[in-house]
Amino acid sequence: MAQFQTLIVEAPESAPGVTLIRLNRPEALNALNTALLGELAQALAAAQADDSVGCIVLTGSAKAFAAGADIKEMSDKTYAQMFKADFFTAGARAIEQCRKPIIAAVAGYALGGGCELAMMCDFILAADTAKFGQPEINLGVAPGIGGTQRLTRFVGKSKAMDMILTGRMMGAEEAERSGLVSRIFPADSLVDETLAIAAKIAGQSPLAVAMNKELVEAAYETTLTTGVALERRLFHSLFAFEDQKEGMTAFVEKRKPLFKGA
Ligand code: CAA
């Protein structure tokens, strides 16, 4: 595994087929800076290129998933510098473009860019200690990597306005109730539970996983008619793969399928 300054990347033995990426800037509560986002893009590209990886888990520490974009790095920037560097766009694109599923396992603070990073993942599992928020208003700015758009799609306009205009935090239970989070676990078992879920996904046909991910993503971008038409096409196309034959034959023969990604 490659060595990074701001990340710890592992292939846990307990979770075959899973890459675990841990944000690791404890001195700044995992605040997202240019170095971290660059390394995250590299780690995701490596996981994408590795056929033995079927699912990625992104997590932080017990105290913070990530407390936002790095305010100290940004504070003196000019408009020209932000625009020229296209600040944070590269890191965000790496997540948006990854074709393998990414699960965010969030404990503690997921604020600002940290909440946005979690929302870019395919789904969010939370510890009971998780706190989500978009506090950029307190800094005189706005969310900059998708918060106003994604939070609104997750929790609806009223709650998104409330969160973004007041900068308040939302606990794990409110986040689950609002549809931001898919499940909550006790903080000390969050990573193990997430790895078990990721390993289950990694054991499926990678072709079917990629197509299912693409289809759910399409639900955000298209009309119902177009989305359903795309689903029908991809559903039919899955019958071109050996994995479909294996999956259905294994069901009939009452055994576990062995998917080959072919
Ligand atoms: N950027 C840089 N450093 C940060 C940081 C951030 N977003 N969040 C925390 N830190 C640093 C603190 O400065 C502190 O460093 P020092 O020890 O050197 O002073 C260290 O992490 C520990 O933080 P605190 O002492 O503040 O810890 P706390 O437990 O008292 O408070 C907290 C925790 C409520 C999360 C608080 O740190 C906080 O409010 N952080 C900022 C949250 C925020 O505003 N995020 C939005 C950033 S803007 C953004 O994200 C824009 C975008 O959309 C792209």
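Under the UniProt record's numbering, the sequence shown has 210 at position 210, and the numbering climbs by one with no breaks. Using N, Cα and C, we set each Cβ at its ideal position, and we do this for glycine too. Just so you know, these numbers come straight off a predicted model, no measurement behind them.
Per-residue burial, residue i [other beta carbons within 10 Å of its own, 16 or more giving buried]
i, result
"Ser205", "buried"
"Val18", "buried"
"Val209", "buried"
"Ala126", "buried"
"Phe185", "buried"
"Thr226", "exposed"
"Pro16", "exposed"
"Glu176", "buried"
"Phe83", "exposed"
"Met1", "exposed"
"Asp76", "exposed"
"Asp243", "buried"
"Phe239", "exposed"
"Asp70", "buried"
"Ala172", "buried"
"Ala85", "exposed"
"Arg262", "The question names Arg, but residue 262 in the sequence shown is Ala. Exposed, by the Cβ-count rule."
"Ala80", "exposed"
Cβ pair residue i, residue j closer than 8 Å
i, j, result
"Leu36", "Leu20", "no"
"Leu195", "Val57", "yes"
"Gly108", "Lys131", "yes"
"Glu246", "Phe259", "yes"
"Ile103", "Ile197", "yes"
"Gly114", "Ala66", "yes"
"Ala62", "Leu29", "no"
"Leu151", "Met119", "yes"
"Leu44", "Ala94", "yes"
"Glu73", "Asn33", "yes"
"Gly140", "Glu116", "no"
"Ala202", "Thr129", "no"
"Gly54", "Phe88", "no"
Opposing strand residues paired with residue i [DSSP bridges]
i, result
"Lys131", "Tyr109 and Gly171"
"Arg22", "Ile8 and Thr59"
"Ile184", "Ala126"
"Ala66", "Ala110"
"Leu32", "Ala69"
"Ala104", "Leu58 and Ile124"
Test: residue i CB closer than 8 Å to a CB of chain B
i, result
"Phe4", "Although the question refers to chain B, the structure presented lacks it and comprises just one protein chain."
Sequence-distant residues of the same chain with beta carbon closer than 7 Å to residue i, five excluded per side
i, result
"Thr148", "Ala142 and Ile164"
"Pro135", "Leu111, Gly112 and Gly167"
"Arg25", "Thr6, Ala31 and Leu36"
"Val191", "Thr59 and Ala105"
"Asp122", "Pro101, Ile102, Ile103 and Lys213"
"Ser182", "Phe123, Ile124 and Leu125"
"Glu96", "Met120"
"Ala250", "Lys256 and Pro257"
Same chain, Cβ closer than 6 Å to residue i, neighbours up to 5 away in sequence not counted
i, result
"residue 263", "The chain is shown only over 1 to 262; residue 263 falls outside these bounds and no answer can be derived."
"Phe241", "Leu207"
"Thr222", "none"
"Ala219", "Gly227"
"Phe4", "Glu39"
Beta-carbon proximity list for residue i, same chain, < 8 Å, skipping 5 on both sides
i, result
"Asp162", "Arg168"
"Asp50", "Thr19"
"Leu180", "Met119, Ile124, Phe132, Leu151, Phe154, Val155 and Met170"
"Met211", "Leu234, Ser237 and Leu238"
"Leu230", "Leu215, Ala218 and Thr222"
"Lys48", "A quick correction: the sequence has Gln, not Lys, at residue 48. Answer for Gln48: Cys98, Arg99 and Lys100, listed in chain order."
Distance cut-off 7 Å: residue i Cβ against heavy atoms of ligand 3
i, result
"Glu136", "Ligands present in the displayed structure are limited to ligand 1, and ligand 3 is not among them."
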